[in-house]
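All residue numbers for the sequence shown refer to UniProt numbering, where the first residue is 1 and numbers rise by one. Idealized CB from N, CA, C, for every residue including glycine. This one's a predicted model, so the numbers in the text were calculated from it and none came from an experiment.
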Amino acid sequence: MTTLNRPRYDGTQRKLVLAFDIGTTFSGISYSILDPGEVPEIRGVTRFPAQEHVGGDSKIPTIIYYDKQGDVRAVGAEAVREGIEADAEDEGWTKAEWFKLHLRPQTTSSGSSLLTGHPIPPLPEGKTIIDVFGDFMRYLHQCARTYIEDTYPNGAEMWKNLEGRTDFVLTHPNGWEGTQQSYMRRAAVRAGLIPNTPAGQQRLSFVTEGEASLHFCIQKGLTIDAMKQGKGILIVDAGGGTVDISAYKQTSKNAQSFEEIFAPECHFQGSVFISNHAREFLEKLLKDSRFAEDVPYITDCFDKTTKLRFRSDDETQFIKFGTIRDKDLALNIRNGQLKLSGSDVASFFEPSIQCIVDTIEEQRAACTTKIASVFLVGGFAASDWLFTNLKARLSDNTLDICRPDSHVNKAVADGAVSFYLDHFVAARISKYAYGIEFSRIYVSTDPEHVARMHSQYTCLDGRIMLPVGFDAILPKARLFDTKVSETEEYRHSYVRNSKNSSAFQILDEEIMCYQGTKSNPRWTDEETDMYRVLCHVTADTSNVPLRQYVNSKTGIPYYRIEFEIVLSFGLTELKAQVAWKENGIERRGPAEVVYDPDELICD
């Protein structure tokens, strides 16, 4: 039972909130209809086209089939109906699955590559990740429309009235940042969810899967006991592709306000990688046999049956894939079934289980707040073997491991709507240092400056400058005690000089991200692999007042503008503005945050 005290909706017009949880293997939709003066309720879409369990499933497979012309032929439950693979082969259709992983960041925070050794199914020829994501979003949108039109009296008229007053929330793994959000925005525009206008963009927001899962647990009343004791909780969202682990505690000021107590983590150890380990095992086992070409199909059978049922490493396991005629006793195949030892199947799970255990132990050791509970949610959380092992390896007298008793696979979608309505998380951890590369005034008595004197140059105003300085607008959290509130802004002042006044019509600044361990990074020529360009902040600065000066030594005139870059990181997206003083009054201009497409892997 929940004790959530959600206020009444104070808007003047009816509104619709749609949340799409697009997972690696399964996706879901939750929504809320906001009526003025009424307390909003969160509901889920539970009917989808071609669904076997009518009215009982809140998720559909994240799969799309395209024909030779690139047109969508089957999506979701339609893409796993009986006989679809034969139709696809006859018609030359191409299947897109696990496509979410093509949006993954290029590297981890330590600079290492992601998914090494784990092949991802390629995107259909001629399709970009924006195309595929957009097609899937369009399908989810149509499913939501059909569900609402069929569920409510005068549903078609209601949908028509709400279509222009619909806000969208998209979820993504903890490890994703602005680059991935930028591509998802473009896909949402491609899908027709929102127009590509400033007003349209305001209707789309993002939330991490970890934070959405926290909201789900809060609204279900699962966090009450831990929070009453002033202790922290860990949310483990175990999904198809990723495992997101997030730590929170209740703030002292508000019973329904929470803050991060450790930087959220994301690991590519979801349930699809259990199947990958099984495939690798089967390829080695069946090599040079007549079943070698059947490995993809046998792996699929394992994924749909054996993996889901697995509960004990002491019991023999079977993968049923053929008929009574399929037999090879040397390979433990009889009557179309491959016999495996329970220990072999357990080994497929082990990397994921150990990753979760290690991460939880690291966060428990690092957090100054005592962790009382671990909540396991997500589709992978339904695995009894995963849950049993986590309890056995982690549970003690001070830590409780639990999973909600219903609908753990819809936690993220429901939690995303709650994020929109409730905003429980008031402060988040700054995982990296964010700032810009700039030039420092040369100081001859500073050893760091002397070491770089070979790169010095003379500025238009006559000062000797050194490039490759790093100015952190938002510093990295030290010992995880630096919180970023939703309302807090971070700003630094800068000047730009130029011989031409026209050079200041547009401002284009690179926002850099430092991912190293230094608490006060100063130079981008040190630990160069720890710096990367996060995005560009561009703005119309034609209204920023210009000042004209003359170099006293050369007599050359030049122009200067003085401005501030204002960043806010409190929400789940980076926001930027440019500020300046005009007659002593601060003025602001909107800035556009543009992400580097090279940061995205599209293999």
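query, result
"For Asn-154, does the count of other Cβ atoms within 10 angstroms reach 16, so buried, or fall short, so exposed?", "exposed"
"Would you check if the segment 184–193 and the segment 389–398 touch, i.e. whether three or more CB-CB distances between them fall below 8 Å?", "no"
"Per DSSP, Ala-539 forms a beta bridge with which residues?", "Leu-507, Ala-591"
"Measure from the alpha carbon of residue 605 to the alpha carbon of each residue in Leu-574, Glu-97, Leu-34, Thr-445, then state which is nearest.", "Coverage of the chain is limited to positions 1 through 603, which leaves residue 605 absent and any answer about it impossible."
"Under three-state DSSP, which class holds His-492?", "strand"
"So what's residue 610 in DSSP terms, helix, strand or just coil?", "Absent from the structure is residue 610, since the part of the chain shown begins at 1 and ends at 603."
"Just how far apart, CA to CA, sit Val-593 and Leu-507?", "12 Å"
"Alpha carbon to alpha carbon, how far is Thr-25 from Ile-64? Give it in angstroms, no decimals.", "11 Å"
"Output yes or no for whether 9 Å exceeds the beta carbon distance between Pro-545 and Lys-581.", "yes"
"Who does Asp-21 pair with in a DSSP beta bridge?", "Gly-28"
"Considering only DSSP beta bridges, list what His-172 is partnered with.", "Thr-208"
"So what's Arg-393 in DSSP terms, helix, strand or just coil?", "helix"
"What residues in its chain sit with their C-beta under 7 Å from that of Ala-292, if we drop five residues either side in the sequence?", "Leu-286"
"Which residues does DSSP pair with His-267 in a beta bridge?", "Val-243"
"How many angstroms separate the CA atom of Ala-212 from the CA atom of Arg-145?", "23 Å"
"Which residue wins for smallest C-alpha separation from Leu-234, given the options Asn-583, Ala-77, Arg-532, Arg-364?", "Arg-364"
"Measure the alpha-carbon distance for Ser-246 versus Ile-371 and round it to whole angstroms.", "11 Å"
"On a Cα-Cα basis, can you pick out the residue from His-215, Met-227, Thr-166 that is closest to Gly-200?", "Thr-166"
"Applying the 10 Å Cβ sphere with the 16-neighbour rule, what's the burial state of Ser-455?", "exposed"
"For Cys-301, which of helix, strand or coil comes out of DSSP?", "helix"
"Taking only three categories from DSSP, how would you classify Glu-582?", "strand"
"Could you tell me which uninterrupted beta strand (DSSP E) segments, each at least 3 residues in length, are contained entirely in the segment 308–379, listed from first to last along the chain?", "317–320, 337–340, 371–377"
"Specify the secondary structure class of Val-417 as computed by DSSP and reduced to three states.", "helix"
"State buried or exposed for Gln-548, treating a residue as buried only when at least 16 other CB atoms are found within 10 Å of its CB.", "exposed"
"Should the segment 495–511 be called in touch with the segment 521–537, which here means at least 3 C-beta pairs below 8 Å?", "yes"
"Starting from Phe-438 and walking both ways along the beta strand (DSSP E), at which residues does that stretch end?", "433–441"
"Tell me whether Ser-275 sits in a helix, a strand or coil according to DSSP, three-state version.", "helix"
"Enumerate in chain order the residues of its own chain whose CB-to-CB distance from Asp-87 is below 8 Å, with the five nearest sequence positions on each side excluded.", "Trp-93"
"Is it the case that the Cβ atoms of Arg-496 and Arg-560 are separated by a distance below 9 Å?", "yes"
"Return the CA-CA distance between Asp-237 and Leu-460, expressed in angstroms with no decimal places.", "54 Å"
"My output table needs one value for Glu-82: the three-state DSSP class, helix, strand or coil.", "coil"
"Excluding five sequence neighbours on each side, which residues of the same chain lie with their C-beta closer than 8 Å to the C-beta of Lys-160?", "none"
"Thinking Ala-579 and Glu-586 are a contact (beta carbons under 8 Å), I'd like their distance in whole angstroms, please.", "6 Å"
"Can you name the residues that DSSP bridges to Ala-427?", "Glu-259, Ser-485"
"According to DSSP, simplified to helix, strand and coil, what is Glu-599?", "Reliability fails at Glu-599, whose pLDDT of 46 lies under 50, so the model's placement of it is uncertain and no value is given."
"So Met-137 and Ala-188 are in contact, right, with Cβ under 8 Å, and what is the actual spacing, rounded?", "6 Å"
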